[in-house]
Structure formats: structure tokens, C-alpha cells
Amino acid sequence: MWLKLCRCAPRTLLLLLLLSNALAAPPQFALVTPLAPGKALVFPRDFGAHPDFRTEWWYATGWLHTPDQKPIGFQITFFRSATGQGAANPSSFAPKQLIIAHAALSDPAQKKLLHSEKSARQGFGLAYAAEGNTEVKLDDWQLARSADGSYQARVHSRDFDLQLTLQPTQPLMLQGDSGYSRKGTQPQQASYYYSEPQLAVTGTLKRQGQPVTVTGTAWLDHEWSSSVLDADAAGWDWLGANLDDGGALMAFRIRGKTGRTLWSHAALRNRDGKMTQFVQDTVLFTPQRHWRSPRTTATYPVAMQIRTGGTLWQLIPLQDDQELDARRSTGTVYWEGAVTINRDGAPAGRGYLEMTGYDQALKL
Numbered sequence: 075m076w077l078k079l080c081r082c083a084p085r086t087l088l089l090l091l092l093l094s095n096a097l098a099a100p101p102q103f104a105l106v107t108p109l110a111p112g113k114a115l116v117f118p119r120d121f122g123a124h125p126d127f128r129t130e131w132w133y134a135t136g137w138l139h140t141p142d143q144k145p146i147g148f149q150i151t152f153f154r155s156a157t158g159q160g161a162a163n164p165s166s167f168a169p170k171q172l173i174i175a176h177a178a179l180s181d182p183a184q185k186k187l188l189h190s191e192k193s194a195r196q197g198f199g200l201a202y203a204a205e206g207n208t209e210v211k212l213d214d215w216q217l218a219r220s221a222d223g224s225y226q227a228r229v230h231s232r233d234f235d236l237q238l239t240l241q242p243t244q245p246l247m248l249q250g251d252s253g254y255s256r257k258g259t260q261p262q263q264a265s266y267y268y269s270e271p272q273l274a275v276t277g278t279l280k281r282q283g284q285p286v287t288v289t290g291t292a293w294l295d296h297e298w299s300s301s302v303l304d305a306d307a308a309g310w311d312w313l314g315a316n317l318d319d320g321g322a323l324m325a326f327r328i329r330g331k332t333g334r335t336l337w338s339h340a341a342l343r344n345r346d347g348k349m350t351q352f353v354q355d356t357v358l359f360t361p362q363r364h365w366r367s368p369r370t371t372a373t374y375p376v377a378m379q380i381r382t383g384g385t386l387w388q389l390i391p392l393q394d395d396q397e398l399d400a401r402r403s404t405g406t407v408y409w410e411g412a413v414t415i416n417r418d419g420a421p422a423g424r425g426y427l428e429m430t431g432y433d434q435a436l437k438l
């Protein structure tokens with residue numbers, strides 16, 4: 075491990091060490107601000123950052139279509155991490171908050187995921203997560219919410235550029251109990267969590283200096299917490315899917331180190347806005363086919379079946395190789411991929427599947 079760290083650039087090495095300290099923070103920091111059921115989310119305030127909580131992310135995924143109608147998946151994620159370091163230090167250089175960003179493009183023509191990552195301490199107007207409304211910036215990457223509720227996303231990387239507008243077409247989808255989302259048997263094993271499904275996407279994708287106009291649909295998650303998962307947790311599987319009939323499906327499970335499900339939950343909102351919640355035994359993830367990464371040797375169940383109540387959802391990957399190696403920023407390797415959705419064997423929608431903890435158990 076130290077040999078790998080020593081090959082990093084000094085700035086990357088420092089950030090890795092700071093993030094390591096943040097994730098290994100002492101017990102008194104583990105719950106900066108405790109979570110509580112029944113606490114109503116307030117908007118627009120809760121669109122913005124919550125710096126008193128340990129971890130937070132804004133996570134946009136979706137399917138794009140180019141003029142030749144070839145499907146492409148995209149992911150843009152901004153993380154904020156309260157390090158627990160330097161809280162009393164008035165210096166602007168004190169690493170109180172870290173801002174981390176990931177971006178990825180799933181294009182079957184490329185045969186593998188194109189991805190990029192950035193990380194920096196918050197400060198000096200170069201990296202920040204603003205309170206009061208969504209505005210997250212890291213150098214020339216940005217996600218910002220406008221007064222009309224739309225989002226402007228901008229990413230510039232070596233392999234691709236994205237300049238997208240994500241326009242809401244539906245109300246917010248509050249996950250769990252009005253935004254209080256349980257992740258385990260203990261009340262503190264939870265997060266505040268809302269989604270914005272069925273976002274209409276327009277914008278520009280640039281590769282090799284050539285811009286093309288794109289359209290599509292997206293899903294945005296905003297989640298924040300100070301809690302940790304069960305000590306036996308290895309990782310999670312998560313799905314966010316925009317359904318063709320205008321509905322939305324979210325499902326996840328927390329996996330133990332032996333592979334068994336420790337906690338699971340799903341929410342289905344139909345096009346009329348009616349929400350149905352599924353808990354524990356009514357949500358079942360069943361792998362259908364596996365893919366082994368030639369780079370990390372991690373094996374992922376890239377084709378998955380999810381049962382919610384009496385309904386079976388089949389997840390089919392846009393391509394098998396959608397592994398993102400983020401060990402230089404968050405210290406993790408995960409599979410984050412565009413998938414098509416069938417409901418009881420019939421085409422039903424498109425979404426994104428995230429699978430963590432298959433390379434090694436997450437250290438939370």
C-alpha cells in the first residue's frame with residue numbers, strides 16, 4: 075500500500091491521508107449531528123450543503139442520446155466530507171471539509187468506462203459546497219441549481235466534456251420516512267435522502283474536441299449522514315430507475331461480509347405520484363450473471379434481478395465493464411453502470427446500478 079501511495083503526486087497523497095483520517099475519525103466525531111426520524115426536510119435550504127454532517131453527496135446519473143441515437147450513460151457525483159480536523163483553526167488552509175468529484179461515461183463503442191476524478195480541500199472559491207441551495211464546485215467542475223429548479227452540470231476531463239441542463243418534470247421523491255432513510259437495524263444507521271427522478275436532459279457532449287448535442291433523462295440523488303453502517307457491512311447494491319410510463323423505482327440492499335443481506339428497502343412511485351414502500355423480506359436482490367474485472371479482479375453481478383413484492387425487475391447492463399477505480403480520491407473501487415429495466419419480462423425503463431464492496435469491504 076505504501077509503495078502505491080508513494081507513487082502519487084504530493085497533492086494527491088495529502089488528500090488520501092486527510093481522507094483516511096476523516097474515515098478513521100474518533101468515536102466522538104462519528105455523529106456530528108445525529109439523525110432523527112420525523113424531522114421534516116425544508117426546501118430550498120436542504121438542496122444545499124449540510125457541513126455539520128460527516129458525509130454528503132449529490133449524484134446525477136442518466137442516459138443520453140446523440141443525433142445518431144446511440145445510447146450513452148453518464149455519471150456526475152460531488153462528495154463533501156467533514157474531516158473532523160482543524161475545527162478550531164481559523165486558517166483558510168485548515169482541511170475542515172474535502173470536496174471530491176467523479177464523472178464517468180458509459181459508451182459501448184469504447185468497450186470500457188471512461189472516467190475522471192478530482193479532490194481538494196474546500197476553500198479559496200476553488201472548491202466548495204454552498205449552503206442554502208445546490209452549488210458544488212471543484213475547479214472547472216460544477217453542479218448548480220437555478221431559481222427555476224433546473225441544474226447546470228459542467229465537467230471537463232481528458233477523455234470527455236459534459237455541459238448539461240437537468241430540468242425537473244416531477245416533484246421531489248422523499249426516500250424512506252419523508253426523507254429519513256434507514257440503512258440498518260439501529261436508528262442512527264440512516265441518512266437524509268431525496269431523489270429527483272425523470273429529469274429532462276439537454277446539452278453538449280464533447281470527445282476528441284468534437285461537440286455533439288445530446289438529450290436524455292436523468293436521476294439525481296442528494297444524501298447526507300453522520301452515521302456508519304453495521305460493523306458487518308461490506309457494501310451495498312443500489313438502483314435508481316426512470317420508468318417508461320413516467321414512474322420511478324429506487325431499491326437498495328446493504329450486504330454483509332458473508333454476502334447476506336443486512337438491510338433492504340425499495341420505493342416505487344407511479345406516474346400519478348402514488349408511492350409504495352417495500353421493506354426487508356419484500357425486497358430481494360438475486361444475481362443472474364457475473365463479470366470479472368481484468369484490472370482489479372473484482373467480480374460483480376452485472377445482471378441482477380430485484381423482486382419488490384410480487385414484481386420482478388430484470389437489470390441488463392449497457393456494457394459489462396463499468397467499473398470505476400477511485401482509489402486516488404475516495405479510496406474505493408466500485409461498479410457504476412447504465413442498465414435497462416424489464417418488469418416481469420417486458421421492457422420498463424432505464425436506470426443506473428451501483429455496486430460497492432466487491433473489490434474489498436468498505437471501511438466506513
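In this note's numbering, the protein residues as written are 75 to 438. C-beta: ideal position from N, C-alpha, C; glycine also. Note that this is a predicted model, so its numbers are computed, not measured.
### Query
Any idea if S338 is buried or exposed, counting beta-carbon neighbours within 10 angstroms, 16 or more meaning buried?
A residue is called buried when at least 16 other Cβ atoms come within 10 angstroms of its Cβ; S338 meets this threshold and is buried.
### Query
In the DSSP assignment, what residue or residues form a beta bridge with P391?
Note: P391 sits in a beta bridge opposite V413.
### Message
Which residues does DSSP list as the beta-bridge partners of K211?
### Response
BP columns for K211 point to Y202 and Q216.
### Query
Quick check: the region 282 to 295 against the region 112 to 130, are there 3 or more CB pairs under 8 Å?
Touching, no, given that fewer than three Cβ pairs across the two stretches are closer than 8 Å.
### Message
Assuming L398 and A178 are in contact, meaning their beta carbons sit under 8 Å apart, how far apart are those beta carbons, in whole angstroms?
### Response
A Cβ-Cβ separation of about 6 Å places L398 in contact with A178 under the 8 Å criterion.
### Query
Which residues bound the beta strand (DSSP E) around Y268?
Note, Y268: beta strand (DSSP E), A264 to R281.
### Task
Ignore the nearest five residues each way along the sequence and tell me which others in D213's own chain have a CB closer than 8 Å to its CB.
These residues qualify, in order along the chain: K192, A194, L200 and A201.
### Task
Specify the secondary structure class of A183 as computed by DSSP and reduced to three states.
Helix.
### Task
Evaluate F326 with the Cβ neighbour count: other Cβ atoms within 10 Å of its Cβ, from every protein chain shown; 16 or more gives buried, anything less gives exposed.
By the 10 Å Cβ count, F326 comes out buried.
### Task
Would you tell me roughly how many angstroms separate the C-alpha atoms of P242 and S252, rounded to the nearest one?
The straight-line gap from Cα to Cα measures roughly 19 Å.
### Query
Is the beta carbon of G425 less than 7 Å from the beta carbon of G314?
Using a Cβ distance threshold of 7 Å, G425 and G314 count as a contacting pair.
### Query
Are the beta-carbon atoms belonging to T151 and H176 less than 7 Å from one another?
Cβ distance < 7 Å, so T151 and H176 count as in contact.
#### Entry: Given 8 Å, three or more beta-carbon pairs between the region 131 to 150 and the region 410 to 428
Cβ pair count under 8 Å is three or more, so yes.
### Task
Just mark G423 as buried or exposed, buried being the case when its beta carbon has 16 or more other beta carbons within 10 Å.
Classification for G423: buried.
#### Entry: Which listed residue (P145, F148 and G158) has its alpha carbon closest to that of S300
Measuring from the Cα of S300, the nearest candidate turns out to be G158.
### Task
Report yes if the C-beta of A114 is less than 6 Å from at least one heavy atom of the ligand ATP; otherwise report no.
Looking for the ligand ATP in the displayed structure turns up nothing, as the structure carries no ligands at all.
### Query
So, helix, strand or coil for Q354, using DSSP?
Helix at Q354.
### Local Cβ density within 10 Å of A98, reported as buried at 16 or more and exposed below that
Annotation note: pLDDT 40 at A98 (below 50); position unreliable, coordinate value reported separately. Around the beta carbon of A98, a 10 Å sphere encloses fewer than 16 other beta carbons of the protein chains shown; the residue is thus reported as exposed.
### Query
Are the beta-carbon atoms belonging to Q379 and Q388 less than 7 Å from one another?
In contact: Q379 and Q388 (Cβ atoms closer than 7 Å).
### Message
Our contact map puts Y267 next to G290 with C-beta atoms below 8 Å; I'd like the distance itself, whole angstroms only.
### Response
Not confirmed; about 23 Å, so no contact.
### F121, DSSP secondary structure in three states
DSSP places F121 in helix when its eight states are reduced to three.
### Task
Using three-state DSSP, classify T385 as helix, strand or coil.
In this structure, T385 counts as strand in the three-state DSSP scheme.
### Query
DSSP three-state call for F152: helix, strand or coil?
In the structure shown, F152 sits in a strand (DSSP, three-state: E or B).
### Query
Going by Cα to Cα distance, which pick from E130, L238 and D304 is closest to H139?
Restricting attention to E130, L238 and D304, the CA atom closest to the CA of H139 is found in L238.
### Message
Suppose contacts are defined by Cβ-Cβ distances below 7 Å. Is Q272 in contact with N344 by that definition?
### Response
Contact: no.
### Task
Can you check DSSP and say which residues form a bridge with F359?
Note: F359 sits in a beta bridge opposite I380.
#### Entry: C-beta atoms of A264 and L115 nearer than 7 Å
Contact: no.
### Task
Decide if S220 is buried, meaning its Cβ has at least 16 other Cβ atoms within 10 Å, or exposed.
When all chains shown are included, S220 counts as exposed.
#### Entry: Proximity to G206 [Cα-Cα], best of G321, A218, A307 and Q143
Out of G321, A218, A307 and Q143, A218 has the C-alpha closest to the C-alpha of G206.
### Query
For F234, which residues does DSSP report across the bridge?
DSSP output for F234 lists no bridge partner at all.
### Task
Give the secondary structure of Q241 by DSSP, where H, G and I count as helix, E and B as strand, and everything else as coil.
Q241: strand per DSSP, three-state reduction.
### Task
Note the first and the last residue of the continuous beta strand (DSSP E) segment covering D399.
Secondary structure note for D399: its beta strand (DSSP E) is the uninterrupted segment E397 to A400.
### Query
Helix, strand or coil: how does DSSP classify S338 here?
Of the three classes helix, strand and coil, the one that applies to S338 here is strand, per DSSP.
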